[in-house]
Amino acid sequence: MRFLFINHIQNARQSLRSNRMRSNLTMLGVMIGVASITTILSLSGGASKIVSNQVDALGGNIAVVRPGSASDTAFQNLAQLPTPQLFAASTLTIKDVNAIKKVNYVSGVAPMMILSGAVKAETSTSVNTSIIATTPTLADVSGLKIQNGQFLDPDLSPYIAVIGPQLSVNVFGTEESIGKTLTIKGQAFTVIGVLKRQNTPINYNGVDFDESIIINQDAGQALNQGSLQIQQINVKTDSVNNLAGAIVDINKAILKNHLGEADFTILSGEQIAQPTNRLFAAIAGTTTAVAAISLLVGGIGIMNIMLVSVAERTREIGIRKALGASNRDIVAQFLIESVALSIGGGVGGYIIGYLIAFAISSFLPFFPIFTWEIGGIAIGVSLVIGTLFGLYPAIRAARKDPIDALRQYD
Amino acid sequence: MKAMANNKTEPVIVLSDLRKRFGIGDAEHYAIDGIDLTIRKGEFIAIMGPSGCGKTTLLNILGLLDSKIEGEYELETRPVASLSFRRQARIRSQQIGFIFQSFNLVTRLNVIENVALPLVYKGMTRLNREKQASAILHTFHLGEREYYMPYQLSGGQTQRVAIARALVNNPSIILADEPTGNLDSASSHIIMEELSDLHKRGNTIIMVTHNPRLTTYASRVITMLDGKIDTDTGSPKRKNDTTAKKPLGKVSKKRRKTKTKQEVA
Ligand SMILES: Nc1ncnc2c1ncn2[C@@H]1O[C@H](COP(=O)(O)OP(=O)(O)OP(=O)(O)O)[C@@H](O)[C@H]1O
Ligand SMILES: [Mg+2]
Numbered sequence: 001m002r003f004l005f006i007n008h009i010q011n012a013r014q015s016l017r018s019n020r021m022r023s024n025l026t027m028l029g030v031m032i033g034v035a036s037i038t039t040i041l042s043l044s045g046g047a048s049k050i051v052s053n054q055v056d057a058l059g060g061n062i063a064v065v066r067p068g069s070a071s072d073t074a075f076q077n078l079a080q081l082p083t084p085q086l087f088a089a090s091t092l093t094i095k096d097v098n099a100i101k102k103v104n105y106v107s108g109v110a111p112m113m114i115l116s117g118a119v120k121a122e123t124s125t126s127v128n129t130s131i132i133a134t135t136p137t138l139a140d141v142s143g144l145k146i147q148n149g150q151f152l153d154p155d156l157s158p159y160i161a162v163i164g165p166q167l168s169v170n171v172f173g174t175e176e177s178i179g180k181t182l183t184i185k186g187q188a189f190t191v192i193g194v195l196k197r198q199n200t201p202i203n204y205n206g207v208d209f210d211e212s213i214i215i216n217q218d219a220g221q222a223l224n225q226g227s228l229q230i231q232q233i234n235v236k237t238d239s240v241n242n243l244a245g246a247i248v249d250i251n252k253a254i255l256k257n258h259l260g261e262a263d264f265t266i267l268s269g270e271q272i273a274q275p276t277n278r279l280f281a282a283i284a285g286t287t288t289a290v291a292a293i294s295l296l297v298g299g300i301g302i303m304n305i306m307l308v309s310v311a312e313r314t315r316e317i318g319i320r321k322a323l324g325a326s327n328r329d330i331v332a333q334f335l336i337e338s339v340a341l342s343i344g345g346g347v348g349g350y351i352i353g354y355l356i357a358f359a360i361s362s363f364l365p366f367f368p369i370f371t372w373e374i375g376g377i378a379i380g381v382s383l384v385i386g387t388l389f390g391l392y393p394a395i396r397a398a399r400k401d402p403i404d405a406l407r408q409y410d
Numbered sequence: 411m412k413a414m415a416n417n418k419t420e421p422v423i424v425l426s427d428l429r430k431r432f433g434i435g436d437a438e439h440y441a442i443d444g445i446d447l448t449i450r451k452g453e454f455i456a457i458m459g460p461s462g463c464g465k466t467t468l469l470n471i472l473g474l475l476d477s478k479i480e481g482e483y484e485l486e487t488r489p490v491a492s493l494s495f496r497r498q499a500r501i502r503s504q505q506i507g508f509i510f511q512s513f514n515l516v517t518r519l520n521v522i523e524n525v526a527l528p529l530v531y532k533g534m535t536r537l538n539r540e541k542q543a544s545a546i547l548h549t550f551h552l553g554e555r556e557y558y559m560p561y562q563l564s565g566g567q568t569q570r571v572a573i574a575r576a577l578v579n580n581p582s583i584i585l586a587d588e589p590t591g592n593l594d595s596a597s598s599h600i601i602m603e604e605l606s607d608l609h610k611r612g613n614t615i616i617m618v619t620h621n622p623r624l625t626t627y628a629s630r631v632i633t634m635l636d637g638k639i640d641t642d643t644g645s646p647k648r649k650n651d652t653t654a655k656k657p658l659g660k661v662s663k664k665r666r667k668t669k670t671k672q673e674v675a
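Respectively, the protein sequence lines represent chains A and B.
Each residue of the first sequence is one higher than the one before, starting from 1 at the first, in my numbering.
Each residue of the second sequence is one higher than the one before, starting from 411 at the first, in my numbering.
(1) For serine 598 of chain B, count the other beta carbons within 10 Å of its own beta carbon; 16 or more makes it buried, fewer makes it exposed. Which is it?
(2) What does arginine 431 of chain B pair with, by DSSP beta-bridge criteria?
(3) According to DSSP, simplified to helix, strand and coil, what is arginine 630 of chain B?
(4) Who's in the neighbourhood of ligand 2, going by beta-carbon under 6 Å from any heavy atom, listed in chain order?
(5) Check distances from the C-beta atoms of the stretch 300-321 of chain A to those of chain B and list, in chain order, the residues that come in under 9 Å.
(6) What span of residues does the alpha helix (DSSP H) with phenylalanine 334 of chain A cover, start to end?
(7) Please classify lysine 120 of chain A: does DSSP put it in a helix, a strand, or coil?
(8) Kindly list the residues whose CB is nearer than 7 Å to the CB of glycine 301 of chain A, restricted to its own chain and excluding five residues on each side of it in sequence; keep chain order.
(9) Tell me whether alanine 89 of chain A sits in a helix, a strand or coil according to DSSP, three-state version.
(10) Please classify glutamine 567 of chain B as buried or exposed, where buried requires at least 16 other C-beta atoms within 10 Å of its C-beta.
(11) With 16 as the cutoff for other CB atoms within 10 Å, does serine 42 of chain A come out buried or exposed?
(12) CA-CA distance, lysine 465 of chain B and arginine 396 of chain A?
(13) When we look at the beta-carbon of methionine 634 of chain B and count the other beta-carbons within 10 Å, is it buried (16 or more) or exposed?
(14) Output, in sequence order along the chain, the residues in the stretch 333-366 of chain A whose CB is closer than 8 Å to any CB in chain B.
(15) Spatial neighbours of alanine 456 of chain B within its chain, please: C-beta separation below 6 Å, excluding the five flanking residues on both sides.
(16) May I ask you to list, following chain order, the residues of the stretch 532-556 of chain B that have a beta carbon less than 8 Å from some beta carbon of chain A?
(17) Provide the residue span of the beta strand (DSSP E) that contains methionine 617 of chain B, from first to last.
(18) State whether the stretch 165-175 of chain A contacts the stretch 17-26 of chain A, with contact taken as three or more CB pairs (one from each stretch) at a distance under 8 Å.
(19) State the Cα-Cα distance for the pair methionine 112 of chain A and asparagine 234 of chain A, rounded to the nearest angstrom.
(20) From this set, A:Asp218, A:Ile254, A:Leu152 and A:Gly346, which residue's C-alpha is nearest proline 67 of chain A's C-alpha?
(21) Between glutamate 211 of chain A and threonine 129 of chain A, which are expected to be in contact by the criterion C-beta below 8 Å, what is the C-beta distance as a whole number of angstroms?
(22) What does the alpha-carbon distance come out to for the pair threonine 577 of chain B and glycine 507 of chain B?
(23) Going by C-alpha distance, which of A:Val310, A:Thr200 and A:Ala246 is nearest asparagine 104 of chain A?
(24) Show which residues of chain A have a CB atom less than 9 Å away from the CB atom of alanine 499 of chain B.
(25) Just curious, the alpha helix (DSSP H) that methionine 534 of chain B is in, first and last residue?
(26) From valine 490 of chain B to alanine 499 of chain B, what does the alpha carbon distance come to, in whole angstroms?
(27) Report yes or no: do three or more beta-carbon pairs, one from the stretch 535-547 of chain B and one from the stretch 577-590 of chain B, lie closer than 8 Å?
(28) So which residues of chain B does serine 18 of chain A contact, with C-beta pairs closer than 7 Å?
(29) May I ask which residues mark the beginning and end of the beta strand (DSSP E) holding proline 67 of chain A?
(30) If you check the beta carbons only, do isoleucine 317 of chain A and alanine 405 of chain A fall under 7 Å apart?
(31) Buried or exposed, going by whether 16 or more other CB atoms sit within 10 Å of the CB of proline 154 of chain A?
(32) If we ignore side chains and look at the alpha-carbon of each, how far apart do arginine 665 of chain B and threonine 643 of chain B end up?
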């Protein structure tokens with residue numbers, strides 16, 4: 001029976017070749033769908049990879065606490081637009097920060113409150129700038145290096161700021177900006193330090209430090225009508241080996257503070273590495289929609305062409321049955337043909353998907369990744385589409401009465 | 411020799427009160443209207459009769475293409491009604507060779523692929539299939555036409571290809587619906603010699619023909635009329651009662667002529 005299967009494949013190839021144009025057009029839908037999936041997966045893989053590289057570079061002993069319960073599937077994360085952190089009240093409090101500090105093996109805790117707003121210098125303004133209100137430990141926990149001046153210091157005046165080099169260039173025209181003054185919401189801040197350039201617009205903090213301004217937590221609270229909204233708490237442990245244990249204890253500590261309500265999430269390792277970049281999220285959202293729609297349309301296209309093909313070959317089906325083909329043989333013949341169509345589309349889509357991914361990545365700070373999983377998903381998706389939409393036409397073909405089929409004039 | 415075939419060998423096909431109805435209500439019509447028939451292994455049967463009397467319908471039933479029948483059909487002692495579709499397909503693949511009245515080649519396959527088609531369902535490799543198909547095409551003098559497409563063949567060549575296809579898997583039962591309909595006498599002769607040869611090797615052949623001369627090759631001649639058996643040289647009781655027919659029955663005068671030819675044979 002193995003030879004029969006081979007014959008079905010040869011037969012499908014022959015039949016698809018004899019209608020080359022039609023076959024290619026039919027493959028288009030699946031091709032676009034699989035191309036979208038490949039693009040999105042290879043790019044998100046690339047994005048995750050650079051973030052996880054950063055985490056590893058920091059020693060891998062980082063955990064991140066965020067408000068809100070975990071969004072569980074990776075797919076949700078991909079499809080999701082950036083969470084409107086700035087509008088929702090955070091569930092994390094300073095009490096939680098202090099509780100985490102008391103957990104064994106924790107060597108550094110940095111709460112981050114991220115605002116967004118206009119930052120004014122004398123002559124120019126940078127709108128929509130990320131304003132990070134935090135504590136001095138952030139420098140250690142997130143591995144921030146200073147190029148000029150110094151990082152936050154509680155002993156100095158509360159209205160001091162450390163700025164990213166790009167922000168410095170944007171508003172002052174130079175990276176040398178120590179002692180200059182910036183105004184946020186009418187409050188003046190003195191620049192006491194400029195960060196070293198990182199070139200990591202994608203990272204687990206969700207902000208590009210090169211273009212941000214870092215201020216004291218109390219100053220940030222004052223800018224936010226006196227309310228403290230902690231969007232993220234970065235935690236560092238003394239070694240990688242103690243991270244897992246510390247996370248368990250942190251979880252217990254915060255749960256206790258929150259009266260048993262799990263309205264926060266602790267991420268570590270790979271989980272931190274989920275893409276947080278806005279542009280990326282927008283691409284991912286659109287691509288997922290394109291993929292779903294084109295796979296559906298592609299599947300329907302395959303079904304349509306297979307129904308036409310079955311109708312055209314009614315007489316052939318009658319002959320084959322008379323010569324000994326069983327219903328199963330006929331189902332297999334047409335099913336293999338539809339699967340061949342969709343796999344053809346899938347392979348084409350996989351290649352095109354990578355071409356698009358590389359084209360897009362020239363605007364992004366990372367490259368698409370190659371993994372066997374992406375190839376497997378491309379083939380798997382096309383296999384499912386081909387089978388799903390090919391089954392009905394194939395069964396219809398097999399159900400044809402041989403006598404009626406033979407009688408049909410073609 | 412004919413008597414031997416009739417009495418010594420076991421029955422392959424046994425029909426009792428077989429009926430086949432087409433249409434419903436007012437359009438209801440029995441194309442096969444009560445046939446009792448026993449065909450033994452190794453018989454060469456020629457079926458004759460006027461157009462529309464049910465010959466093709468009968469062959470389709472015998473070839474397991476039509477299972478919506480009334481009455482009994484036993485193939486090698488197994489009632490066909492009890493066989494699964496899969497089993498029936500298996501029997502068609504391994505035991506039955508079909509030559510259709512209209513040649514029915516698959517138009518998108520070339521000659522050799524058409525001839526090799528029955529072997530596909532026996533699970534043979536492509537190489538073996540084509541070897542076997544090529545061999546039989548040579549016996550039918552179609553060696554040079556192997557890679558022609560069906561539309562590039564003459565009517566007679568098409569028919570020879572169809573016959574080659576029916577014989578390629580060495581079926582023990584051959585059902586031929588006017589196999590020589592489009593052929594000149596020389597080509598007819600090749601085909602009939604081939605069938606005759608298969609007959610001598612012990613295969614059962616059931617052939618529909620309008621040409622009384624070809625009945626000389628047969629061991630038994632059956633004439634049909636209006637879905638019933640009219641005469642049968644192999645049956646001890648002579649012709650059936652043909653009175654009291656339905657008004658739709660077509661009247662055939664050729665019947666007498668056929669009978670005389672048959673007696674000559
Ligand atoms: N699918 C069908 N639906 C309705 N009537 C049918 C069908 N098939 C056959 N018939 C009728 O059954 C009768 C017998 O047809 P059949 O094809 O068996 O004739 P035949 O003896 O082979 O004739 P010919 O010598 O012309 O080939 C005819 O009257 C035909 O109209
Ligand atoms: Mg006929």
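The C-beta atom is built at its ideal place from N, Cα and C for all residues, glycine as well.
None of these values were measured; they are calculated from a predicted model.
Reading off the structure:
(1) buried
(2) B:Tyr440
(3) strand
(4) B:Lys465, B:Thr466, B:Gln511 and B:Asp587
(5) Arg313, Arg315, Glu316, Gly318, Ile319, Arg320 and Lys321
(6) Where phenylalanine 334 of chain A is concerned, the enclosing alpha helix (DSSP H) stretches over 327-361.
(7) strand
(8) Thr26 and Gly29
(9) coil
(10) buried
(11) buried
(12) 29 Å
(13) buried
(14) Residues of the stretch 333-366 of chain A with a Cβ closer than 8 Å to any Cβ of chain B: none.
(15) Leaving aside the five residues that flank alanine 456 of chain B on each side, the residues in its chain whose CB is nearer than 6 Å to its CB run, in chain order, Met617, Thr619, Thr625, Ala628 and Val631.
(16) Lys532, Gly533, Met534, Thr535 and Arg536
(17) 614-618
(18) no
(19) Cα-Cα distance, rounded: 8 Å.
(20) A:Ile254
(21) 7 Å
(22) In the sequence as displayed, the identity of residue 577 of chain B is leucine instead of threonine. Rounded to the nearest angstrom, the two C-alpha atoms are 6 Å apart.
(23) A:Ala246
(24) Lys321, Gly324, Ala325, Ser326, Asn327, Arg328 and Asp329
(25) Premise fails: methionine 534 of chain B is in no alpha helix (DSSP H) and is neither H nor E.
(26) 12 Å
(27) yes
(28) Going along chain B in sequence order, the residues near serine 18 of chain A (Cβ under 7 Å) are Arg518.
(29) 62-67
(30) For isoleucine 317 of chain A and alanine 405 of chain A, yes; Cβs fall inside 7 Å.
(31) exposed
(32) Caution applies to arginine 665 of chain B, whose pLDDT of 43 falls short of 50 and renders its modelled position unreliable; the value that the coordinates give is listed next. Taking the Cα positions, arginine 665 of chain B is about 14 Å away from threonine 643 of chain B.
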